[in-house]
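Below is one structure, written out as structure tokens; the observations come after it.
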Amino acid sequence: MKKSLASGLRVATGVVFVLLGLASGIGGGILAGYGGSLYYLIMGVAALVCAVLIFARRREVLALFAVMLAGSLIWSVCEVRLDWWQLLPRMDLWFALGVWLLLPFIVGGLTRGANLRAGRIGLAVAMVATVAVGIASAFTNYTDLSGVAAGEPMAGQAPDPASQAAKDWRAYGSTGEGTRYAPATQITPGNVANLKPAWTFHTGDFKGPDDPVEIANEVTPLKVNGKLYICTPHNIVIALDPDTGKELWRFDPKINRDASTYQHMICRGVSYWDVHDQVAANAAGDTTAPTTPADVAGSPDSIECPRRIFAPTMDATMIALNADTGELCKSFGENGVIGLTHGMSMKKRGFLMPTSPPTVSAHVLVVAASVTDNASTNEPSGVIRGYDTITGKLVWNWDASRPDETTPLPEGQTYVPNSPNSWGVSSVDEKLGMVYIPMGNETPDTWGGKRNPYGEKYNSAIVALDLATGKVRWVYQTVHHDIWDMDIGGQPSLVDIDTPNGKVPSVVATTKRGDIYVIDRRDGKLVVPAPERPVPQDNVAAGDHVSPTQPFSALTFLPDRNITEADMWGTNPIDQMMCRITFKSRRYEGPFTPQTAGRGAIISPGPLGIFEWGGATIDPVRQLMILNPDYMGFLERLVPRAEADAEAGGTKGNEMGLQMQTGAPFAVEIKAFLSPLGFPCQAPPWGYVAAVDLRTMKKVWMHKNGTTRDSAPVPIALPLGVPSLGGMVTTGGGVAFLGSTLDYYLRAFDVRDGKLLWEGRLPFGGQATPMSYVSDTTGRQYVVVMAGGHGSLGTKMGDTLVAFALPENTAGAKPAPSK
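Numbering of the sequence shown is given in this note's numbering, commencing with residue 306 and proceeding in unit increments.
As structure tokens, this is what we get:
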């Protein structure tokens, strides 16, 4: 019986080697044909020889496999040095087979040929060497940057932590400056490990059967007016008690949920306005005022809704609500609503979607919207509009394809269809009287042969508009003729930067391509140089062109070299080989590789970018910028029109798959660059947390972040560093928070060195930017994040807002005296 079992296992082992030999040999031959490594072809042939020896019971198989294992080890170290996570997929399968071959019931069946002892010793030596290299690589780190931020917080750079301004979170980015900085100092590196869930709130808003794939809970709450304000993917606005999470009021705009044309269904937040801010601005001589100061000077609280919530809807409207009661402000717009399709020649439902909150100043409400990406060459205009915050009357409109005509559009005329839009959050400097717009692209994103020549200069640019008139004050373009979807999604951050020549009021803009542009926000001049460099020019799609050069900022998180075949990953040698075949078979010449038809191209950084809509968080006191860069490539292929039209309409409700680009000669197929087993083909880490010293514009620290616990087929928490979609918040206490990784945690980091201090488990995916505030009644500092998941990323969907705080008996977290 034992003999029969051993014989069966030996035969099974031979079959395994046959299968591995065929897979590696055939795949290796294909890879070699593309000019790739010969390693897999050689290993395939060697594995087939091993199979023959095993079937023949020849002991020489041990020596041959020892050579295979040793050769693999040498080849692997030559390719990736002592990088543990890169060595693992190259060696894991072969090492496991080596262990198997040395088991007595396998070795015992090898009865013919060479000296058995010599073969066993040779294989054992190769395995010991593999283990030794593995141990050495476990203590080697080529990816992280260790450092400590220089300098201490500078006095007078932030609000007094006890002031109301420091307690609140009044806008999407904390303030109109978009720093995502909370001055509160109660939570520190010394006590953050004591954070516990304080309360949770369930919105009750879940994905419906007709909703798009890309439905997501990306909201950042506001805390102001003694309340917490949020919105849901279906644009329901809810006010909560900041201390308990109890619902105070709810407004449901009852948007049309049956429209199959929505590409995404997202609400990143709402905006708050207080008439007393306008009174103060008037008293200071604000020149942006479209409203007569007398309208509010006498008794500001007598106007309807002296405190307002402005909320966008997927039905292309902007709603004004009484921040105290949740009722519509009927005197604003048309019964509390502005219709954003006014002046649009294209009014199809779901093709104009304000997914981000508007930007609010004392007098002007600045409204932009996203459009359906890569659908056609006839989309709604990307016009940016300024409305009176009291009446809702249109004050100005800035259409990038007609940039000099900002006077409100006369009845009967339309904005230019398909002009560049802005889908992210803008920032505002009311002292300078400017709003800073992060611009997207004129769609379609991947073919630009029909773009408006006037709007072209505003694609993927930071545009400073005059708050009073909408006129362009300055523009800086980060990508010329962008056909890679490298638009600017993150909110620009406004910060006064310490330089040898004194403070420079700057705007700091992160980009998908990984470059960070630092610009004097007064005049648009670069603070950090960004010289133009040549980029690939050949094999551009028919009817299109590329710019001969692109600006490359000196402050960048773009890798310092292009990816290579050796950077391909996978869970085992075969998985990795398939990624190598894909890499070699596609076009890739660096970050500005033009898309092509036929074999297609690797686009890295991909459309999710190194920095996405989460942007950066800035500690203006410590002069630190904290970020969460990602690194994942995508596969893109231009599909000729006839071929695309034969595929029955392309992908709906998602930005991945076949996107039709109707009106262009090509559709585009977009998909993540993944191995056959579903892991990124580019080697980890795929996600980091990092910091930049704004005084020197140098990276201070950078550490991989997150595990595979909630994204791998088996829930094993491998610390590979995973992507995150959402931003960070930093606090006056020196702690930064991130909750948007693909594993479900809110994490806290020491801003000085990036050390992970604490992590709190979330019930669902946390693809949102957290925020922090101080209770007006108890004095406790809270950190709040929406854990509701993201349909496109595949994280678990839910409806839960989670608040964390220190225990009430913790020093510094005691209830405030009653008033």
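For each residue, glycine too, the CB sits at the ideal point set by N, CA and C. Treat the numbers as computed from the prediction; the structure is a model and nothing was measured.
query                                                                                                                                                               : result
Thinking just about the alpha-carbon of each residue, which of T480, C610, C572 and F1109 is nearest to the one in D579?                                            : C610
By the DSSP assignment, the beta strand (DSSP E) with L553 in it spans what residues?                                                                               : E552 to F556
Does the ligand SAM have a heavy atom nearer than 6 Å to the CB of G1026?                                                                                           : This structure does not include the ligand SAM; it has no bound ligands of any sort.
Do I788 and V768 have their C-beta atoms closer together than 7 Å?                                                                                                  : no
Grab me the residues of N877's own chain with a C-beta within less than 7 Å of its C-beta, minus the 5 sequence neighbours each way, in chain order.                : P394, D397 and L398
Helix, strand or coil for A680? Go by DSSP, reduced to three states.                                                                                                : coil
Compute the distance between the beta-carbons of L831 and E482, then report whether it is under 7 Å.                                                                : no
Of the residues G1093, A988, G330 and E948, which one's Cα is nearest the Cα of A969?                                                                               : E948
Do L863 and G819 have their CB atoms nearer than 7 Å?                                                                                                               : yes
Residues bridged to C572 by DSSP?                                                                                                                                   : Looking at the DSSP assignment, C572 forms no beta bridge with any residue, so it has no partner.
So, is E837 buried or exposed, given that buried needs 16 or more other C-beta atoms within 10 angstroms?                                                           : exposed
So, do the segment 933-945 and the segment 977-994 have three or more beta carbon pairs nearer to each other than 8 Å?                                              : yes
Start and end of the alpha helix (DSSP H) containing K736?                                                                                                          : Run containing K736: none; DSSP gives neither H nor E here.
What's the gap between the Cα of D515 and the Cα of P722?                                                                                                           : 28 Å
Using the three-state DSSP reduction, which class does V321 fall into: helix, strand or coil?                                                                       : helix
Using three-state DSSP, classify V851 as helix, strand or coil.                                                                                                     : coil
Please determine, among F1042, V926, C884 and S890, the residue with the shortest C-alpha to C-alpha distance to F978.                                              : C884
Which first and last residues belong to the alpha helix (DSSP H) in which I535 is found?                                                                            : Per DSSP, I535 belongs to no alpha helix (DSSP H); it is in the beta strand (DSSP E), K532 to C536.
In the DSSP assignment, what residue or residues form a beta bridge with A423?                                                                                      : Paired residue(s): none; A423 is not in a bridge.
Suppose contacts are defined by Cβ-Cβ distances below 7 Å. Is D678 in contact with T748 by that definition?                                                         : yes
If we count the other Cβ atoms within 10 Å of its Cβ and call it buried at 16 or more, is P409 buried or exposed?                                                   : exposed
Kindly provide the ranges of any beta strand (DSSP E) runs that are 3 or more residues long and lie completely inside the segment 674-729, ordered along the chain. : 689-693 and 699-703
Kindly indicate the opening and closing residues of the alpha helix (DSSP H) around H581.                                                                           : V580 to A588
So, at 7 Å on beta carbons, what are the nonlocal neighbours of T435 in its own chain, with the 5 sequence-adjacent residues on each side left out?                 : L374, L378, M396 and F400
According to DSSP, simplified to helix, strand and coil, what is G376?                                                                                              : helix
With a CB to CB cut of under 8 Å and the five nearest residues on each side skipped, what residues in its chain are close to D510?                                  : T537, P538, H539, I541 and D1104
Under the assumption that S675 contacts W728 (Cβ atoms under 8 Å), give the Cβ distance between them as a whole number of angstroms.                                : 3 Å
Which residues bound the beta strand (DSSP E) around Q1086?                                                                                                         : Q1086 to A1092
Among T682, W390 and C572, which residue has its Cα nearest to the Cα of S442?                                                                                      : W390
Consult DSSP for N496 and reduce its assignment to one of helix, strand or coil.                                                                                    : coil
Going by DSSP in three states, W504 sits in which element: helix, strand or coil?                                                                                   : strand
For Y447, count the other beta carbons within 10 Å of its own beta carbon; 16 or more makes it buried, fewer makes it exposed. Which is it?                         : exposed
Just list the alpha helix (DSSP H) runs in the segment 598-633, keeping only unbroken ones of 4 residues or longer that don't cross its boundaries, in chain order. : 599-602
Among the residues of its own chain, which have a CB less than 6 Å from the CB of G1044, if the five just before and after it don't count?                          : L1051, G1071, P1075 and V1090
To which residues of the same chain is K551 closer than 7 Å at the C-beta, ignoring the five residues directly before and after it?                                 : L545
Does the beta-carbon distance from G795 to T774 come in below 7 Å?                                                                                                  : no
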